[in-house]
Amino acid sequence: KDDAYIEDLKFLRTLADQALENDPIVGYSGYMPFTREGNWRKCMGGECPIGNLFTDAIRWMTNSDIAILNSGGLRGPGWDAGPVRVSDIYGALPFINNLCTGVMSGVSVFRMFNYSTAVA
């Protein structure tokens, strides 16, 4: 290994340390009850725990009775037990989406779900 290699390695370590500083731990997971292996589209056909995690967070943040999330936007297998970093969350839900809140009647919610399942 020459001196240039050693210098490059030191530089890369500095960049890696800076990346970790900009990726703080935001919580801890006891375990992810559901990991998506292989075809990540398993959640496309219905409810799945990683989708529940995000919709529960949306409901909590907006103080709403229901939350709906496009399952096609979920990525990755979830995460292992231990620290959860900002990058883990962005990796699982990588797209920029807007939260919209409003008031709907029960009949309107029923019609919306009925239509969305009919055209799926």
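Numbering follows our numbering, with no gaps: position 86 of the sequence shown is 107. The beta carbon of each residue, even a glycine, is placed where N, CA and C say it ideally should be. Given the structure is predicted, the values throughout are model-derived calculations rather than measurements.
{"Query": "Distance check for VAL124 and PHE131, CA to CA, integer angstroms please.", "Result": "13 Å"}
{"Query": "Using only the alpha-carbon positions, how far apart do THR35 and TYR26 sit?", "Result": "14 Å"}
{"Query": "Would you list, in sequence order, the uninterrupted alpha helix (DSSP H) runs of no fewer than 4 residues that lie entirely inside the stretch 74–110?", "Result": "none"}
{"Query": "Would DSSP call VAL124 helix, strand or coil?", "Result": "coil"}
{"Query": "CB GLY103 to CB LEU90, shorter than 8 Å?", "Result": "no"}
{"Query": "Is GLY48 helix, strand or coil when you go by DSSP?", "Result": "strand"}
{"Query": "Using three-state DSSP, classify ASP23 as helix, strand or coil.", "Result": "coil"}
{"Query": "Any contact between the stretch 81–89 and the stretch 99–118? By contact I mean 3 or more CB pairs, one from each, below 8 Å.", "Result": "no"}
{"Query": "I need the straight-line Cα distance from PHE116 to PHE75, nearest angstrom please.", "Result": "13 Å"}
{"Query": "Going by beta carbon distance, what residues of the same chain come within less than 6 Å of SER129, once the five residues before and after it are set aside?", "Result": "none"}
{"Query": "Can you look up ASN135 in the DSSP assignment and give me helix, strand or coil?", "Result": "helix"}
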